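Protein chains in written order, with the working numbering: chain C, 1 to 328; chain V, 1001 to 1328.
Number of protein chains: 2
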Amino acid sequence: MTHVLITGAAGMIGRKLTTRISVDGAIGKSAIDALTLVDVVASPDVTGFAGRVASSTADLASPGVAARLIAARPDVIFHLAGVVSAEAELDFDKGYDVNLDGTRALLEAIRAVGEGYRPRLVFASSIAVFGAPFPQAIADDFHLTPLTSYGTQKAICELLIADYARREFLDAVALRLPSIVVRPGLPNRAASGFFSGIIREPLAGMEALLPVDEDVLHWHASPRAAVGFLVHAATLEREALGTRVALTMPGVCCTVGEQIAALRRVAGDAVAARIRRAHDPLVERIVAGWPRRFDPRRALALGFGVEANFDDIIRVHIDDELNGVIAR
Amino acid sequence: MTHVLITGAAGMIGRKLTTRISVDGAIGKSAIDALTLVDVVASPDVTGFAGRVASSTADLASPGVAARLIAARPDVIFHLAGVVSAEAELDFDKGYDVNLDGTRALLEAIRAVGEGYRPRLVFASSIAVFGAPFPQAIADDFHLTPLTSYGTQKAICELLIADYARREFLDAVALRLPSIVVRPGLPNRAASGFFSGIIREPLAGMEALLPVDEDVLHWHASPRAAVGFLVHAATLEREALGTRVALTMPGVCCTVGEQIAALRRVAGDAVAARIRRAHDPLVERIVAGWPRRFDPRRALALGFGVEANFDDIIRVHIDDELNGVIAR
């Protein structure tokens, strides 16, 4: 029986992961008997799950919080809690407090248990650990060159987690997630938010602002695919990973122009016409330093899968969020 | 006029750097008017230097220490303080406290000054940020894959420093120093200590233990070359570095067997015969994960220089430490 802890459970991916594993009732072949959710805001109610559920509203970086969560010795920990890129760039202290010190508090709480306790930690890292200039396609052994504080914090956490895993305090997988599109709900403060906005708003009958040029190339996966990455990571054999526990996840590589063309194919001209150009220098500057295309060989060899093209990413949004209904 | 702060000033490189810059009286074209030395043990006396000297015995990671040192707004900071590799591996908490938290305290103290204060920080990183498996020669864009806690701490500091530099809180250069040989004095707790021991002890008429096989290949520079790297780094133009502030330093690549052959050439058979084989599994395991050969193009293009071969490294030791006298 498996006890699962999810940090950042109230976030977009946290909610979808919670729903997925509570419906599945298992991680791989292991049944889940307990689910602990934590976030700085209230986590969602869990329905249709037979096991125990505990939710708490707390900040991992606050004294004692991580120790309290780890005292129950969860077997699988999905560590998703974090401040997004634009916020970490605007608020230097908050970014380091939450993204670095929060993670370190969690790792230290795990180490402090001792007695052979060695949970599986699945960490949501980001392709923002890489910064320009880039090769044509970024291989698994490209160096860490973040150009944002957010990317720096994620890269540092990858290194910490690898060291804690090497010391056998835990088993770990760090997933460098693509930009997740289409994010449902309201825009958040991530600089990458427009990648979702230009699909989500038009499909809902609203105008969307495009702050960058159409030739901006980027690396995407759907929320459904991201949840699939996390669940798959929890089931990987320790030996399959070795000491290099950070993996770039597969994604769909396309330009903003190709995203818009896909929207036109899937939803029609009238929907695609709802995108309005409005350059934003801050977003342009941040995005210019971001990676574009990867060669995620290790992740593919380890069985991680993603959508075949951007049309499919749009269809996942229409299925999962809009009940199949487009505002034409 | 330049105020220089050296952390870890009582260490081997710290002492040699202190001597070098106090004799030079300048860093590049800028005269030094003040020198501040700090270490957890007493720093050496400075002789023959006309400017002000302040020494303190303190731990950078202790509250208030970094702020007090930075209050005088040093223009150039050589940050050498740290726990060595074997000690960081054996004492997990101490390694992170000193090597990570001490550095972070220094960076935060610099940031807290504000008012346009932007010192040049030269950080002593290490080739231990890289871990096996390796390519034939490690290029400047090889990824950070430390296999020790020490290497992890150095890699994290490189990332932090790059982010603080990008945010313009300081100017920074992080130097990935080769294994420094021949270290004078008593053996320290670094796993790399034998690389010096097998030269230093025989030259002094004593037996030395060799804990690894003779085919172990490694990357070396003399203490004199290391001090040269640090001083040169303090004079680099900010624009020459860009956002990638960590540089692998040039070194002499040779096997332990080639080291011994060089010792035989420079000092004779009787000296080289003082090396005794005594395998040490801990040292063998640590060293097996270390990098061997680099392609340090960026550093060479930026004017960093090193000895031409291992014979020269041995001669530096005989000149600088033994007044030219070998115990035959």
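Think of the CB as a built atom: it goes at the ideal place given N, C-alpha and C, for glycine as much as any other residue. Small disclaimer: the values here were computed from a predicted structure and weren't measured.
Distance check between Gly1116/V and each of Leu1175/V, Arg1315/V, Ala1165/V and His1317/V places Ala1165/V closest, using alpha-carbon atoms only. By the rule that beta-carbons nearer than 7 Å mark a contact, Ala155/C touches chain V. With contacts defined by Cβ atoms closer than 7 Å, Pro202/C and Val271/C form a contacting pair. Chain-order list of chain C residues neighbouring Leu1159/V: Leu144, Pro146, Thr152, Ala155, Ile156 and Leu159, by C-beta distance under 8 Å. Among the CB atoms of chain C, none fall inside 7 Å of the CB of Asp1039/V. The beta carbon of Ala1067/V sits closer than 6 Å to the beta carbons of Ala1109 from its chain, once the five residues preceding and following it are set aside; these are given in chain order.
At least 7 Å separates the CB of Asp101/C from every CB of chain V. Its chain contains Ile198, Pro202, Ala208, Leu210 and Ile260 as the residues whose beta carbon lies nearer than 7 Å to that of Ile275/C, once the 5 sequence neighbours on both sides are disregarded; these appear in chain order. Going by DSSP, Ser1126/V is part of no alpha helix (DSSP H) but of the beta strand (DSSP E) stretching over Arg1120 to Ser1126. Bridge pairing for Ile77/C: Leu5/C and Leu121/C [DSSP].
Ser1125/V has a beta carbon lying at 7 Å or more from every beta carbon in chain C. Take Gly1095/V, set aside five residues on each side of it, and the residues of its chain with a beta-carbon closer than 8 Å to its own are Val1083, Glu1087, Ala1088, Glu1089, Ser1149, Tyr1150 and Gln1153, in chain order. Under DSSP, Thr152/C shares a beta bridge with no residue. For the pair Asp215/C and Thr248/C, the CB atoms are not nearer than the 7 Å cut-off.
For a Cβ distance threshold of 8 Å, residue set Gly131, Thr145 and Leu147 of chain C lies close to Thr1243/V, ordered along the chain. For Val271/C, the enclosing alpha helix (DSSP H) starts and ends at Asp269 to Ala272. At a cut-off of 7 Å between C-beta atoms, Asp141/C counts as an interface residue with respect to chain V. At a C-beta separation below 7 Å, Arg1292/V has no neighbours in chain C, since its nearest C-beta there lies roughly 16 Å away. Annotation: Cβ neighbours of Arg1167/V in chain C (cutoff 8 Å, chain order): Phe92 and Ser149.
By the CB criterion at 7 Å, Pro291/C and Phe134/C fall inside the cutoff. Interface flag for Asp163/C against chain V is set, since a Cβ pair is found closer than 7 Å.
Counting C-beta pairs with one atom in each stretch, the region 1007-1025 of chain V and the region 276-296 of chain C have fewer than three that are closer than 8 Å, which means they do not touch. Out of His1317/V, Val1038/V, Ile1070/V and Ala1128/V, the CA that lies nearest to the CA of Arg1111/V is found in Ile1070/V. Beta-bridge partners of Ala1208/V (DSSP): Ile1275/V. Non-local C-beta neighbours of Ala1105/V in its own chain, meaning closer than 6 Å and more than five positions away in sequence, comprise Leu1060, Ala1061 and Ala1066, ordered along the chain. In this structure, the straight-line span from the alpha carbon of Arg1277/V to that of Arg293/C is close to 50 Å. Partner residues in the beta bridge of Arg176/C, as assigned by DSSP, are Ser125/C and Thr248/C.
DSSP places Val1227/V in the uninterrupted alpha helix (DSSP H) bounded by Pro1223 to Thr1235.
Runs of the beta strand (DSSP E) lying entirely within the region 49-73 of chain C, each at least 3 residues long, are 52-57 in chain order. Here His1279/V is exposed. Its C-beta has fewer than 16 other C-beta atoms within 10 Å. Residues of the same chain with a CB within less than 6 Å of the CB of Leu170/C, apart from the 5 flanking positions on each side, are Ile110, Arg118, Pro119, Leu121 and Tyr164 in chain order. In the DSSP assignment, Ser1030/V falls within the unbroken beta strand (DSSP E) covering Ser1030 to Asp1039. When the Cα atoms are used, Met1206/V and Glu1321/V turn out to be separated by approximately 16 Å.
Put simply, of Ala1072/V, Val1173/V and Ser1179/V the residue whose alpha carbon is nearest the alpha carbon of Ala1299/V is Val1173/V. The C-alpha of Lys29/C is placed about 25 Å away from the C-alpha of Pro44/C. Here Ala155/C is buried. Its C-beta has 16 or more other C-beta atoms within 10 Å.
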